[in-house]
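Student: Residue 584 in my numbering is what sits at position 584 of the sequence shown, and the numbering runs on without skipping anything. This is the structure I have questions about; it appears just below.
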Amino acid sequence: MQGVKRGVSCERSGFLANCPAAPHICRENKISRNSLLLTNYLKIPHFVWRAWLAGLLVAACNGNLTKDPRPVLRFNLHAGLTSLDPAQAGNESNVWMCQQLFSTLVGSDSLGQLAPDAAHDWRLSPDGLQYTFHVRRDLYFHPHPCFGPGNTRRLTSRDFAFSFHRVCQPATGSPGLWVFRNTLLGAADYHAGKADTIAGIYCPDDSTLVLRLAQPFPPFLQLLAMPYAAAVPAEAVAWYGKEFRRHPVGTGPFCFFRWEEGRLLVLHAYTRYHQPGLPRVSALAVSFIPSKLGAFSALLERRIDFIDGIDPSYQDALLDDQGLLAPEYRSRLRLYTGPQLTVEYVGLHTADPGSPLQDVRVRRALAYATDRAGLARHLLRNTVRPALRGFVPPGLGICDSFLQMTRALPYDPARARQLLAAAGYPGGRGLPVLQFLTTASHAQAASYLQQGWTAAGFRVEISVEDAAALRQQVRTGSARLWRASWVADYADPENFLALFYSPNHPPAGSNNTRYYNSRFDALYHQYLKEPRPEERCALAARLDSMVAADCPAVPLYYYNIWRTALPRVEGLPQSSMNLNLPLKYVRVHR
1 MQGVKRGVSC ERSGFLANCP AAPHICRENK ISRNSLLLTN YLKIPHFVWR
51 AWLAGLLVAA CNGNLTKDPR PVLRFNLHAG LTSLDPAQAG NESNVWMCQQ
101 LFSTLVGSDS LGQLAPDAAH DWRLSPDGLQ YTFHVRRDLY FHPHPCFGPG
151 NTRRLTSRDF AFSFHRVCQP ATGSPGLWVF RNTLLGAADY HAGKADTIAG
201 IYCPDDSTLV LRLAQPFPPF LQLLAMPYAA AVPAEAVAWY GKEFRRHPVG
251 TGPFCFFRWE EGRLLVLHAY TRYHQPGLPR VSALAVSFIP SKLGAFSALL
301 ERRIDFIDGI DPSYQDALLD DQGLLAPEYR SRLRLYTGPQ LTVEYVGLHT
351 ADPGSPLQDV RVRRALAYAT DRAGLARHLL RNTVRPALRG FVPPGLGICD
401 SFLQMTRALP YDPARARQLL AAAGYPGGRG LPVLQFLTTA SHAQAASYLQ
451 QGWTAAGFRV EISVEDAAAL RQQVRTGSAR LWRASWVADY ADPENFLALF
501 YSPNHPPAGS NNTRYYNSRF DALYHQYLKE PRPEERCALA ARLDSMVAAD
551 CPAVPLYYYN IWRTALPRVE GLPQSSMNLN LPLKYVRVHR
């Protein structure tokens, strides 16, 4: 164990010395006294200490689990798990598990809509720059000896101040740094070592948190629902040091019990959770079967209760031609599906000197030669929806009614040939060969697209690349044509439209197409400053229409969320954000 030493107050010990929010928390909660407790426990033989600590945590977290009448929810994470520290929630598995263990100021309900979590209410200043949150007074951290004799304490606003500073510290190496550095006043200076604290964070008292932005950013609440913005206790971070990733302590609906990396994770329901009646199961038992076919077999054998996603290895057996459950599975399984905020697309380098893709007519010709509906129907068995509207996928609530008016260029090979001729390439003559970069898992789809493009006059060769190599070529600008996908980090059109804002050219951002349109940039600025939801949606639709017309990217299809469960499972989350999986709402019948 690291982080707490005999006779050293936490103000002077490693990690906390670098966080200006930490000393106040330490003094208030007397972490230094815990260092003496820890020293005494270390005199006990290690195996006895571990057994005692495990017993203490289980008893305090969930009383006697054997007497809990609620069943256990069992599921699989095929992609594995690398950390239970919310500051390291940089992949889907980490995000899902941190959501169960920690609380954020705002969270989501069972339908994926924003809802109060650790903050019971908040207000935004008229200038759109300052948020004031009022933190609930009935949230307590999961029991742990780091809190002293009481084994817990109340969550306060200062825990959020500490946690936000921690994410912004270079030593933390958090992939969520962008959440605060790009939004909070002074966060960039703090990260760069130019300031001792983040100017935009202020705690008037232990139940009030004031956050001031560098500029208006209406999706900010969406960012605060991400695990990067979860509250962690300074005491536990000091207690475990780098090993906090394996020993999380939070205030979420489930608390940590056991993790055998690559084999098993068990979380127990937290009986002191602040929402009455939640969670609805006694525990979560997570397996790590790497094969999706293996996980599907485990589901059929009733060894797990649900699986996420759908894989070609069993897709044809599970689904009929309409994308519904095949007859032989209708009595054994339940299928949950709906829009997912993910778009698959073809990226085009719009600023490569000498490339024909600089000409919007050539880009539009490529879009007209792309048979999205055929790709979804013939290759993907209608498990996806062809991208017949703009780049921004459906699943964004009130914005959908505005965004659905955007139309992608339809499949029209004759129109594609006309545009190529108008651009000086009749019948494709004079066009250079374009290398289409893709990965092995998408090679079949690439061949399907190549046929349509060739028929229109394009000369396209497929280059199958390792995923890391493909990303590198795209970021450095050496790729002209490539397959990509974008998964929403938060449920707002801005998360997709930012890919076409010119200041986001690499390495500053993810505008990998190097698209530049001064009218788009000006409207994007207006969009960011607009606080009224419907007006913002209307502006988003105009921006999406610009992208559809200029074709810096050709959207192929929108993903669906697919979850397959045993009939005994009820209430699986139905959010278009696949990263959002609040399992506290799930009920399992015996």
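Glycine is no exception: its CB is placed at the ideal position from the N, C-alpha and C atoms.
Grab me the residues of Y273's own chain with a C-beta within less than 6 Å of its C-beta, minus the 5 sequence neighbours each way, in chain order.
Tutor: Indexing the sequence shown from 1 puts residue 273 at position 273. P253, listed in sequence order.
Student: Look up A347 in the DSSP assignment and give the residues it is bridged to.
Tutor: On the sequence shown, residue 347 is found 347 positions in, with the first residue counted as 1. Looking at the sequence provided, one finds Gly at residue 347 rather than Ala. Answer by DSSP bridge pairing, in chain order: W482, A553.
Student: What are the boundary residues of the beta strand (DSSP E) that E205 is part of?
Tutor: Within the sequence shown, numbered from 1, the residue matching residue 205 stands at position 205. According to the sequence displayed, residue 205 carries Asp and not Glu. Taken as a continuous stretch (DSSP letters only), the beta strand (DSSP E) holding D205 covers 201 to 205.
Student: At which residue ranges does the region 371 to 442 contain complete alpha helix (DSSP H) runs of 4 or more residues, listed in the order of the chain?
Tutor: List check, alpha helix (DSSP H) in window: 400 to 403, 413 to 422.
Student: Under the three-state reduction of DSSP, which class applies to H505: helix, strand or coil?
Tutor: The count along the sequence shown starts at 1 and reaches residue 505 at position 505. The answer is coil: DSSP assigns H505 none of H, G, I, E or B.
Student: So A437 packs on S401, CB below 8 Å; how close in whole Å?
Tutor: The residue labelled residue 437 in the question sits at position 437 within the sequence shown. The residue labelled residue 401 in the question sits at position 401 within the sequence shown. The sequence as given places Leu at residue 437; Ala does not occur at that position. Wrong, their Cβ atoms sit about 36 Å apart, outside the cutoff.
Student: With a cut-off of 8 Å on the beta carbons, I'd call C255 and H247 a contact; round off their distance for me.
Tutor: The sequence position of residue 255 within the sequence shown is 255, counting from 1. The sequence position of residue 247 within the sequence shown is 247, counting from 1. Contact doesn't hold; Cβ gap of about 11 Å is too wide.
Student: In terms of residues, what are the limits of the alpha helix (DSSP H) holding R519?
Tutor: If you number the sequence shown from 1, residue 519 lands on position 519. Element bounds for R519: 518 to 529.
Student: Note down the Cα distance separating S575 from A161, rounded to an integer number of angstroms.
Tutor: Along the sequence shown, one-based indexing puts residue 575 at 575. Along the sequence shown, one-based indexing puts residue 161 at 161. About 29 Å.
Student: Can you name the residues that DSSP bridges to R587?
Tutor: On the sequence shown, position 587 is the one that residue 587 refers to. Paired residues: E570.
Student: Jot down the residue ranges of each uninterrupted alpha helix (DSSP H) in the region 227 to 296, minimum 4 residues, whole runs only, in chain order.
Tutor: Those alpha helix (DSSP H) runs which fall completely within the region 227 to 296 and span 4+ residues are 234 to 240.
Student: Identify which residue in L335, V474, L388, P170 has its Cα closest to the Cα of I561.
Tutor: Here the question's residue 561 lines up with position 561 in the sequence shown. Considering only alpha carbons, the answer is L335.
Student: Quick check on DSSP: helix, strand or coil for F500?
Tutor: Stepping through the sequence shown from its first residue, residue 500 is reached at position 500. Note: F500 maps to helix in three-state DSSP.
Student: Under 8 Å, do F288 and A553 count as touching if we go by C-beta distance?
Tutor: Start at 1 with the first residue of the sequence shown, and residue 288 comes out as number 288. Start at 1 with the first residue of the sequence shown, and residue 553 comes out as number 553. It is not a contact, given that the beta carbons lie outside the stated cut-off.
Student: Among residues of its own chain, excluding the 5 on either side of Q100, which ones have a beta-carbon nearer than 7 Å to its beta-carbon?
Tutor: Here residue 100 refers to the residue found at position 100 of the sequence shown. Excluding sequence neighbours, Q100 sits near G252, P253, F254, L267, L284, L583.
Student: Classify H165 as helix, strand or coil using the three-state DSSP reduction.
Tutor: Residue mapping note: residue 165 aligns to position 165 of the sequence shown, counting from 1. H165: helix per DSSP, three-state reduction.
Student: Name, in chain order, the residues that DSSP records as bridge partners for D308.
Tutor: Position 308 of the sequence shown, counted from the first residue, corresponds to residue 308. Partner(s): R563.
Student: For S125, does the three-state DSSP call read helix, strand or coil?
Tutor: One-based indexing of the sequence shown puts residue 125 at position 125. In the structure shown, S125 sits in coil (DSSP, three-state: anything other than H, G, I, E or B).
Student: Look at I398 and C537 and say whether their C-beta atoms are less than 8 Å apart.
Tutor: Position 398 of the sequence shown, counted from the start, is the residue given in the question as residue 398. Position 537 of the sequence shown, counted from the start, is the residue given in the question as residue 537. A contact, by the Cβ cut-off of 8 Å.
Student: Residues in the same chain with beta-carbon distance under 7 Å from R542, minus the five sequence neighbours each way, listed in chain order, please.
Tutor: Taking the first residue of the sequence shown as position 1, residue 542 is located at position 542. The answer, listed in chain order, is L523.
Student: Which term fits A22, buried or exposed, when burial requires 16 or more other beta carbons within 10 angstroms of its beta carbon?
Tutor: Working through the sequence shown from its first residue, we reach residue 22 at position 22. With a pLDDT of only 41 at A22, under the threshold of 50, the placement of this residue in the model should not be trusted; the figure read from the coordinates follows. It is buried - the Cβ of A22 has at least 16 other Cβ atoms within 10 Å.
Student: What residues match up with T337 in a beta bridge as DSSP calls it?
Tutor: Position 337 of the sequence shown holds residue 337. Note: T337 sits in a beta bridge opposite W562.
Student: For S108 and P573, I'd like the C-alpha separation in whole angstroms.
Tutor: Residue mapping note: residue 108 aligns to position 108 of the sequence shown, counting from 1. Residue mapping note: residue 573 aligns to position 573 of the sequence shown, counting from 1. Approximately 10 Å between the Cα atoms of the pair.
Student: With 16 other CB atoms within 10 Å as the buried threshold, where does K43 fall?
Tutor: For this step, residue 43 is matched to residue 43 along the sequence shown. With a pLDDT of 37 at K43, under the threshold of 50, the modelled position of this residue cannot be trusted; read the value that follows with caution. Classification for K43: exposed.
Student: Does the distance between the C-beta of H165 and the nearest non-hydrogen atom of the ligand ATP fall short of 7 Å?
Tutor: With respect to the ligand ATP, the structure shown offers nothing to examine, as it has no ligands at all.
Student: For N76, write down the residues that DSSP places opposite it in a beta bridge.
Tutor: As a first step, residue 76 is located in the sequence shown; it is residue number 76 there, counting from the start. Per DSSP, S287.
Student: Which residues in the same chain as A54 place their Cβ atom closer than 7 Å to its Cβ, once the five residues preceding and following it in sequence are excluded?
Tutor: Taking the first residue of the sequence shown as position 1, residue 54 is located at position 54. Note that A54 has pLDDT 44, beneath the 50 cutoff, so the model's placement of it is unreliable and the number below is only indicative. Cβ neighbours of A54 beyond the five flanking positions: none.
Student: Tell me, to the nearest whole angstrom, how far the beta carbon of L403 is from that of R389; I am working on the premise that it is less than 8 Å.
Tutor: Here residue 403 refers to the residue found at position 403 when the sequence shown is read from its first residue. Here residue 389 refers to the residue found at position 389 when the sequence shown is read from its first residue. That pair is a contact at about 7 Å.
Student: So, at 7 Å on beta carbons, what are the nonlocal neighbours of F520 in its own chain, with the 5 sequence-adjacent residues on each side left out?
Tutor: As a working mapping, residue 520 is identified with position 520 in the sequence shown. Excluding sequence neighbours, F520 sits near F500, L543, M546.
Student: Under three-state DSSP, which class holds Q215?
Tutor: One-based indexing of the sequence shown puts residue 215 at position 215. DSSP places Q215 in coil when its eight states are reduced to three.
Student: Tell me which residue opens and which closes the alpha helix (DSSP H) that S575 is part of.
Tutor: Numbered from 1 along the sequence shown, position 575 holds the residue referred to as residue 575. Neither: S575 is in no alpha helix (DSSP H) and is coded neither H nor E.
Student: Ordered along the chain, which non-local residues of its own chain (more than five positions away) have a Cβ less than 7 Å from that of H24?
Tutor: Position 24 of the sequence shown, counting from 1, holds the residue named residue 24. In this prediction, H24 scores a pLDDT of 38, lower than 50, which makes its location untrustworthy; the coordinate-derived value is nonetheless stated afterwards. Here the set comprises R158.
Student: Assess, as a yes-or-no matter, whether the region 444 to 462 is touched by the region 368 to 375 under the definition of 3 or more beta carbon pairs within less than 8 Å.
Tutor: Judged by Cβ distances under 8 Å, the region 368 to 375 makes contact with the region 444 to 462, as three or more pairs qualify.
Student: Assess, as a yes-or-no matter, whether the region 341 to 358 is touched by the region 482 to 500 under the definition of 3 or more beta carbon pairs within less than 8 Å.
Tutor: Short answer: they touch.
Student: Could you tell me which residues DSSP pairs with F133 in its beta bridges?
Tutor: Start at 1 with the first residue of the sequence shown, and residue 133 comes out as number 133. Answer by DSSP bridge pairing, in chain order: W122, L209.
Student: Judging by CA-CA distance, which residue of G262, G509, D492, R363 is the nearest neighbour of S93?
Tutor: What you label residue 93 is simply residue 93 of the sequence shown in a count that begins at 1. For the residues G262, G509, D492, R363, the minimum Cα distance to S93 belongs to G262.
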